[in-house]
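Enquirer:
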Amino acid sequence: MKTIQGGVTAPKGFKATGLNAGIKNNTKKDMAMIYSEKPCTVGGTFTTNKVKAAPVKWDQKVVYETKTAQAVVVNSGVANACTGEEGYGYCKDMAKEVAKLMKIPYETVLVASTGVIGKQLPMDIIKKGINMMPEKLGASLEDGRLAAEAIMTTDTVSKEVAVEVEISGKTVTIGGMCKGAGMIHPNMATMLCFITTDAVINSDLLLKATQNIVSDTFNMISVDGDTSTNDTVVVLANGMAENEAIKEGTGDYEEFHKGLYYVLEELSKKIAGDGEGATCLFEVDAINAKTKEQAKILSKSVVTSSLTKAAIFGHDANWGRILCAMGYSAADFDPEIVDIYFESAAGKLKIVENGCATDYSEEFATKILSEKHVKAILDVKQGDAKATAYGCDLTFDYVKINADYRS
Numbered sequence: 029m030k031t032i033q034g035g036v037t038a039p040k041g042f043k044a045t046g047l048n049a050g051i052k053n054n055t056k057k058d059m060a061m062i063y064s065e066k067p068c069t070v071g072g073t074f075t076t077n078k079v080k081a082a083p084v085k086w087d088q089k090v091v092y093e094t095k096t097a098q099a100v101v102v103n104s105g106v107a108n109a110c111t112g113e114e115g116y117g118y119c120k121d122m123a124k125e126v127a128k129l130m131k132i133p134y135e136t137v138l139v140a141s142t143g144v145i146g147k148q149l150p151m152d153i154i155k156k157g158i159n160m161m162p163e164k165l166g167a168s169l170e171d172g173r174l175a176a177e178a179i180m181t182t183d184t185v186s187k188e189v190a191v192e193v194e195i196s197g198k199t200v201t202i203g204g205m206c207k208g209a210g211m212i213h214p215n216m217a218t219m220l221c222f223i224t225t226d227a228v229i230n231s232d233l234l235l236k237a238t239q240n241i242v243s244d245t246f247n248m249i250s251v252d253g254d255t256s257t258n259d260t261v262v263v264l265a266n267g268m269a270e271n272e273a274i275k276e277g278t279g280d281y282e283e284f285h286k287g288l289y290y291v292l293e294e295l296s297k298k299i300a301g302d303g304e305g306a307t308c309l310f311e312v313d314a315i316n317a318k319t320k321e322q323a324k325i326l327s328k329s330v331v332t333s334s335l336t337k338a339a340i341f342g343h344d345a346n347w348g349r350i351l352c353a354m355g356y357s358a359a360d361f362d363p364e365i366v367d368i369y370f371e372s373a374a375g376k377l378k379i380v381e382n383g384c385a386t387d388y389s390e391e392f393a394t395k396i397l398s399e400k401h402v403k404a405i406l407d408v409k410q411g412d413a414k415a416t417a418y419g420c421d422l423t424f425d426y427v428k429i430n431a432d433y434r435s
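Per my numbering, residue 29 is the first one in the sequence shown, and the count goes up by one each step.
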């Protein structure tokens, strides 16, 4: 596997763009489009929030029923959530507008929205934006970057990843972009992720791979514990790498799975590290657990603890908050044999051994916790299972951002 530059335009046959249509009433880009020269098989996973935005319902029909997609249109600024039949109708209108311009079936157009909940889409502006994009579509890395920028809301940076893998003697490329900084606690934030690949793989297997990987990547991140109404991850495969069709249980599938896993994991970390107001990426590794499920519960309980996140912001090695979060997680473990470490580019330090504090240096602990990527390691000492959760510190700016989000 080889990491390369780019995002959704890295694989063969994909074009993209992003522009300012005027939804946000400023100069920021607020609409994006992805288009494949050939129809794609498609996989995806979506929010488990019972309140699902209209685009989520539309895309579920495309992924689970049509099983073919060729374009994606995204708007930023208005989430089209809690908008009733009118909002769902607007999804269809957006898809039909794209379909008319690109000469493809409207049932193969995926739609996504992000922004303020409860407002209807300004369809005059949306349609104007859609009509501006086809002539701007391009296959360059810059075109992909424009799309990645256009889907941002409170994100401070655009988020892209791409890799190449070898499958049946062919180079297969997997690229992706995502957005998310707040309302992030996916249970498949407002979290949107779009992956493209030129691999030959059928929709059922692509769906299975996507859902399996999301369980260990996007579903293991949290910024603020709020599961959005719009969380969406979709993967489009147009087959233009011309590899032999990937089959489950083969070496080719393992290589593809490895590449897709890397892209989704890296995008997950980019979201967690760019959490609203965050100053660092906070990683929690639960190791030597009885089961993977136990490790997931423990690691995610710690990464979502507000008190722990605040301590990380303050560079305070307050390990009691970590052990406490493990204790209320509902996971079955023995707190009296747990070891806890802090680790970063500054070094590694054991702060708890068998449930009690070690004679560690507070000064060294503070140095470790002052880095941009901080890791807590929870050694449960009950087995060989492990899991990793990603989050960020909790800062003053998080409250400021969300206190005036609509203004």
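Every residue, glycine too, gets a C-beta built ideally from N, C-alpha and C.
Is the beta carbon of lysine 378 less than 8 Å from the beta carbon of threonine 386?
Expert: Cβ atoms of lysine 378 and threonine 386: closer than 8 Å.
Enquirer: If I measure Cβ to Cβ from threonine 319 and keep anything under 8 Å in the same chain, skipping five residues before and after, which residues do I get?
Expert: For threonine 319, where only same-chain residues beyond five positions count, the Cβ hits under 8 Å are Gly411 and Ala413.
Enquirer: For leucine 295 versus asparagine 258, is the C-beta distance shorter than 8 Å?
Expert: In this structure, asparagine 258 does not lie closer than 8 Å to leucine 295 by Cβ.
Enquirer: How would you write the range of the beta strand (DSSP E) that aspartate 87 sits in, first residue to last?
Expert: Unbroken run through aspartate 87 is the alpha helix (DSSP H), 82-89; no beta strand (DSSP E).
Enquirer: Taking lysine 328 as the reference, give the member of Met160, Lys403 and Gly383 with the closest Cα.
Expert: For lysine 328, the nearest C-alpha among the options comes from Lys403.
Enquirer: Using the rule of at least 16 other Cβ atoms within 10 Å of the residue's Cβ for burial, across every protein chain shown, is glycine 143 buried or exposed?
Expert: So glycine 143 counts as buried.
Enquirer: Are serine 104 and aspartate 58 touching if we call contact CB-CB under 8 Å?
Expert: In contact: serine 104 and aspartate 58 (Cβ atoms closer than 8 Å).
Enquirer: What are the start and end residues of the alpha helix (DSSP H) that includes glycine 112?
Expert: That run of the alpha helix (DSSP H) goes 112-130.
Enquirer: Once the 5 residues before and after valine 36 are set aside, which same chain residues still bring their CB inside 8 Å of it?
Expert: Taken in chain order, the residues that qualify are Phe42, Ala44, Ile62, Gly172, Ala175, Ala176, Glu188, Gly203, Gly204, Met205, Phe222, Ile223 and Thr224.
Enquirer: Just grab the DSSP bridge partners of lysine 376 for me.
Expert: Beta-bridge pairing links lysine 376 to Glu371.
Enquirer: Using 8 Å as the Cβ pair cut-off and three pairs as the minimum, do the segment 113-131 and the segment 152-162 touch?
Expert: Flag = yes, the segment 113-131 and the segment 152-162 touch.
Enquirer: Given a cut-off of 8 Å, decide if alanine 190 and glycine 34 are closer than it, judged by their beta-carbon atoms.
Expert: Contact: yes.
Enquirer: Taking only three categories from DSSP, how would you classify glutamate 283?
Expert: Three-state result, glutamate 283: helix.
Enquirer: Just tell me which of Val185, Lys80 and Glu399 has its CA closest to the CA of lysine 207.
Expert: Selected option, being the one with the closest Cα: Val185.
Enquirer: Along the chain, where does the beta strand (DSSP E) containing valine 427 start, and where does it finish?
Expert: No beta strand (DSSP E) holds valine 427; the alpha helix (DSSP H) holding it covers 424-431.
Enquirer: Taking buried to mean at least 16 other C-beta atoms within 10 Å of its own C-beta, is glycine 383 buried or exposed?
Expert: It is exposed - the Cβ of glycine 383 has fewer than 16 other Cβ atoms within 10 Å.
Enquirer: Can you tell me the Cα-Cα spacing of lysine 66 and alanine 338, whole angstroms?
Expert: Each residue's Cα considered, the two are about 48 Å apart.
Enquirer: Please go through the same chain and pick out, in chain order, the residues whose beta-carbon is closer than 6 Å to the beta-carbon of threonine 136, but skip the five residues on each side of it.
Expert: Hits under 6 Å: Thr96, Ala97 and Gln98.
Enquirer: To which residues of the same chain is isoleucine 315 closer than 6 Å at the C-beta, ignoring the five residues directly before and after it?
Expert: Only Asp407 and Lys414 meet the Cβ criterion.
Enquirer: Among Ile325, Ala38 and Asp313, which has the Cα closest to the Cα of glutamate 371?
Expert: Nearest option by C-alpha distance: Asp313.
Enquirer: What distance in whole Å lies between the Cβ atoms of alanine 345 and glutamate 390, which are believed to be in contact at a cut-off of 8 Å?
Expert: Right, the Cβ-Cβ distance comes to about 6 Å (below 8 Å), so this counts as a contact.
Enquirer: Going by DSSP in three states, phenylalanine 361 sits in which element: helix, strand or coil?
Expert: The answer is coil: DSSP assigns phenylalanine 361 none of H, G, I, E or B.
Enquirer: Following the continuous alpha helix (DSSP H) through valine 331, name the residue where it begins and the one where it ends.
Expert: Note, valine 331: alpha helix (DSSP H), 320-331.
Enquirer: To which residues of the same chain is valine 193 closer than 6 Å at the C-beta, ignoring the five residues directly before and after it?
Expert: Within the same chain, valine 193 has close Cβ partners Met29, Val200, Glu283 and Gly287.
Enquirer: Does the separation of the CB atoms of serine 357 and isoleucine 325 fall below 8 Å?
Expert: Closer than 8 Å, so yes.
Enquirer: From valine 102 to threonine 260, what distance separates their C-alpha atoms?
Expert: Their backbone Cα atoms lie some 12 Å apart in a straight line.
Enquirer: With DSSP collapsed to three states, give me the class of serine 334.
Expert: Three-state DSSP puts serine 334 in a helix.
Enquirer: Let me know if aspartate 232 comes out buried or exposed under the rule of 16 or more other beta-carbons within 10 Å of its beta-carbon.
Expert: Flag for aspartate 232 reads exposed.
Enquirer: By DSSP, does lysine 275 sit in helix, in strand, or in coil?
Expert: Of the three classes helix, strand and coil, the one that applies to lysine 275 here is coil, per DSSP.
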